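Reading through the structure tokens given below for one structure.
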Amino acid sequence: MATVPPGIRLLVSFDRNQWYRAFTFILTFLLYTSFHLSRKPISIVKSELHKNCSVVSELAAAGSGQQPPLPSLHVDADCSWKPFDKRNYKQLLGAMDYSFLCAYAVGMYLSGIIGERLPIRLYLTAGMLTSGLFTCLFGLGYVYNIHSLGFYIFVQVANGLVQTTGWPSLVTCIGNWFGKGRRGLIMGLWNSHTSVGNILGSLIAGYWVSTNWGLSFIVPGLIIAAMGVVCFLFLIEPLSKNSTRWVSENEEGRDDGRTRYLPPSHRKQRALALKQSGSSSTDRVNAADSVPRRTSLSELQPPPTCCERLCVQGVVEFSLCLLFAKLVSYTFLFWLPLYITKAAHLDAKKAGDLSTLFDVGGIVGGILAGVISDKLGKRASTCAVMLLLAAPTLYGFSMMSKFGLGPTIGMLLVCGGLVNGPYSLITTAVSADLGTHKSLKGNARALSTVSAIIDGTGSVGAALGPLLAGLLSAGGWNRVFYMLMTADFLALLVSHCVAGVCFVYVHKCTDSACVTCR
Numbered sequence: 261m262a263t264v265p266p267g268i269r270l271l272v273s274f275d276r277n278q279w280y281r282a283f284t285f286i287l288t289f290l291l292y293t294s295f296h297l298s299r300k301p302i303s304i305v306k307s308e309l310h311k312n313c314s315v316v317s318e319l320a321a322a323g324s325g326q327q328p329p330l331p332s333l334h335v336d337a338d339c340s341w342k343p344f345d346k347r348n349y350k351q352l353l354g355a356m357d358y359s360f361l362c363a364y365a366v367g368m369y370l371s372g373i374i375g376e377r378l379p380i381r382l383y384l385t386a387g388m389l390t391s392g393l394f395t396c397l398f399g400l401g402y403v404y405n406i407h408s409l410g411f412y413i414f415v416q417v418a419n420g421l422v423q424t425t426g427w428p429s430l431v432t433c434i435g436n437w438f439g440k441g442r443r444g445l446i447m448g449l450w451n452s453h454t455s456v457g458n459i460l461g462s463l464i465a466g467y468w469v470s471t472n473w474g475l476s477f478i479v480p481g482l483i484i485a486a487m488g489v490v491c492f493l494f495l496i497e498p499l500s501k502n503s504t505r506w507v508s509e510n511e512e513g514r515d516d517g518r519t520r521y522l523p524p525s526h527r528k529q530r531a532l533a534l535k536q537s538g539s540s541s542t543d544r545v546n547a548a549d550s551v552p553r554r555t556s557l558s559e560l561q562p563p564p565t566c567c568e569r570l571c572v573q574g575v576v577e578f579s580l581c582l583l584f585a586k587l588v589s590y591t592f593l594f595w596l597p598l599y600i601t602k603a604a605h606l607d608a609k610k611a612g613d614l615s616t617l618f619d620v621g622g623i624v625g626g627i628l629a630g631v632i633s634d635k636l637g638k639r640a641s642t643c644a645v646m647l648l649l650a651a652p653t654l655y656g657f658s659m660m661s662k663f664g665l666g667p668t669i670g671m672l673l674v675c676g677g678l679v680n681g682p683y684s685l686i687t688t689a690v691s692a693d694l695g696t697h698k699s700l701k702g703n704a705r706a707l708s709t710v711s712a713i714i715d716g717t718g719s720v721g722a723a724l725g726p727l728l729a730g731l732l733s734a735g736g737w738n739r740v741f742y743m744l745m746t747a748d749f750l751a752l753l754v755s756h757c758v759a760g761v762c763f764v765y766v767h768k769c770t771d772s773a774c775v776t777c778r
């Protein structure tokens, strides 16, 4: 008899629960990659919406072998896209960023509460389809020659609101499928979707930015809409209020095997509920394998109140830390390509390609932060060390970027790792730790609201960063970097407080500190 190939033996060695975990990990990774992919084009297109027309004329003349035209008294000419052809173009571009991010911050607080009460798969699908629609609408402004600032701000606000459906839903899915063991590493790997999405968005938008910038939005919009259909067809969600699909029908005391696929948090919750209801010893032994017919896990425990979520030790503090950390990260996200264009005198496509190195560093930084925090068991201390190193690195980048392409590439990689490392750790592993805190009574869906509170507060900083960058850059880019360094120091101060130096809580729901708050 022929032997079974080693690859096949490896595949069959995993049970279905492990396959479901791997499938959920990959699918949710791709879904949120498409979210960030659709956010990135605006930063690439900025340098095309407003051009230095004298430089454009000189490049055109050099290509045709003609003499460059005489200098014009009007530096703002028809080569820019109205209404961004004025001298206050930086403020207008900053206003567009602010409108998106402000709507995102406000919507995030509501999204977690709504997502906790609706089927995640349907909620996420609706958000992705509408996000694709509004992303495409921005690109259609080029196709139909729309020059109204109100139109672009409306699209940005609407897109910011619907994009809030993504983060709480996906963190809930991934957080409930994976336990706390090695959560930092798993979440660090998973959160690299942020940087992967930024890289792909930069490359896709940069391909069309110089010829037809409308396609820089339309193509990402179609991609996220297509991924919304994939989400509807394939996403395996945690138990919702009215769902019993993952519960065995055990009327005759026989398990049909489907309960093996339950996430770990649901198994623990089910066993606890049976124990409290006074089940027999046999039932308690088999609690992980069977529950009565038509019993929904969400009905076994009352949902924790909003106050109980907020008083979990670390939620408020980490939210404030993320506010400053995300301010720095999103300022780079929205303004880095334009800064490279101005500082290195590169065209929009080359600047967009070069800016992806910041996200490459972010992938490494996020994974490294997760591994270190798992090893040490100290999330806050890991964030504090990376933030301490990030502030002087930002100053070094502002200086080194003037000395050519080589130093710029090196500093982009280092800055990306140190800036996005704490941001990645807080939004994933820390949120999952706090969202599954024992004071939340084992409610698996509470993770949606906790992650929304943390990320929503961080999004306030994400809204302020690009807006301040647009205002301060008018007086020179050095002011922008001073603002970023100040934000990093404030994040460092808050993370120091999280470690137990400044905050002392006496809430009844936090009778012991968790590993996160050290």
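Counting in the working numbering, the sequence shown runs from 261 upward without gaps.
Here a beta-carbon is modelled for each residue, glycine too, at the ideal position from N, C-alpha and C.
Since this is a predicted model, take the numbers as computed values, not measurements.
N-terminal and C-terminal residue of the alpha helix (DSSP H) that residue i is part of
i	result
Asp619	608-636
Tyr364	349-375
Asn680	665-685
Pro343	First-last for Pro343: undefined, no H or E at that position.
Glu497	Element bounds for Glu497: n/a, residue is neither H nor E.
Tyr404	Tyr404 -> no alpha helix (DSSP H), and no H or E assigned at all.
Pro428	426-437
His296	276-299
Lys311	Counting along the chain, Lys311 falls outside any alpha helix (DSSP H), and DSSP gives it neither H nor E.
His779	Because the chain in this structure spans residues 261 to 778, residue 779 falls outside the shown range and cannot be described.
Lys779	Since the first residue shown for the chain is 261 and the last is 778, residue 779 is missing from the structure and cannot be characterised.
Trp450	443-450
Thr688	Careful: Thr688 lies outside any alpha helix (DSSP H) and carries neither H nor E.
Pro265	No alpha helix (DSSP H) contains Pro265, which DSSP labels as neither H nor E.
Whole-angstrom C-beta distance between residue j and residue i, which should lie under 8 Å
i	j	result
Leu421	Gly461	About 20 Å separates the two Cβ atoms, so there is no contact after all.
Leu287	Phe494	6 Å
Phe259	Gly676	Lying before the first or after the last residue shown, residue 259 is absent from the chain, which here runs from 261 to 778.
Thr284	Trp437	5 Å
Trp595	Ala729	5 Å
Tyr369	Gly716	4 Å
Ala692	Val431	7 Å
Gly466	Ile304	5 Å
Gly612	Gly481	Actually they are not in contact, since the Cβ atoms of Gly612 and Gly481 sit about 18 Å apart, beyond 8 Å.
Ser359	Gln416	5 Å
Phe592	Trp450	21 Å between Cβ atoms; not a contact.
Buried or exposed (CB count within 10 angstroms, at least 16 for buried), residue i
i	result
Ser408	exposed
Ser470	exposed
Pro328	Per-residue confidence for Pro328 stands at a pLDDT of 48, beneath the threshold of 50, marking its modelled position as unreliable; no derived number is given.
Ala485	buried
Gly664	exposed
Ala363	buried
Asn680	buried
Gly267	exposed
Lys306	buried
Met659	exposed
Asn405	exposed
Ala282	exposed
Lys350	buried
Ser273	exposed
Gly735	exposed
Val403	exposed
Gly435	buried
Leu361	buried
Cβ neighbours of residue i in the same chain (closer than 8 Å, five flanking residues each side left out)
i	result
Pro343	Leu352, His407, Ser408, Leu409
Met388	Leu291, Ser294, Phe295, Thr425, Gly426, Ile484, Ala485, Met487, Gly488, Cys491
Pro667	Met660, Ser661
Leu270	none
Gly625	Met646, Gly676, Gly677, Leu678, Val679, Asn680, Gly681, Ser684
Same chain, Cβ closer than 7 Å to residue i, neighbours up to 5 away in sequence not counted
i	result
Ser371	Thr424, Thr425, Pro428, Ala712
Ser633	Gly444, Arg639, Thr642, Leu685, Ala689
Gly354	Pro726, Leu727, Ala729, Gly730, Leu731
Met447	Gly630, Thr688, Ala689, Ala692
Asn419	Phe360, Ser391, Phe394, Thr395
Same chain, Cβ closer than 6 Å to residue i, five either side skipped, listed in chain order
i	result
Leu614	Ile600
Gly622	Ser455, Gly676, Asn680
Val674	Thr653
Ser332	Interpretation of Ser332 is limited by its pLDDT of 38, a score under 50 that renders its predicted location unreliable; the figure taken from the coordinates is listed afterwards. If we look at Ser332 and ignore the five residues flanking it on each side, it has no Cβ neighbours.
Asp357	Phe594, Pro726
Phe477	Pro301, Thr395, Phe398, Gly399
Phe657	Met671, Cys675
Check your understanding: Does the segment 706-714 come close enough to the segment 602-609 to have 3 or more Cβ pairs within less than 8 Å?
Key -> no
Review point. Are the segment 446-465 and the segment 284-304 in contact at 8 Å, needing three or more beta carbon pairs?
Key: yes
Review point. Would you call the segment 737-753 and the segment 388-398 touching, i.e. three or more CB-CB distances under 8 Å?
Key: no
Review point. Does the segment 575-594 touch the segment 715-734, meaning 3 or more C-beta pairs lie closer than 8 Å?
Key: yes
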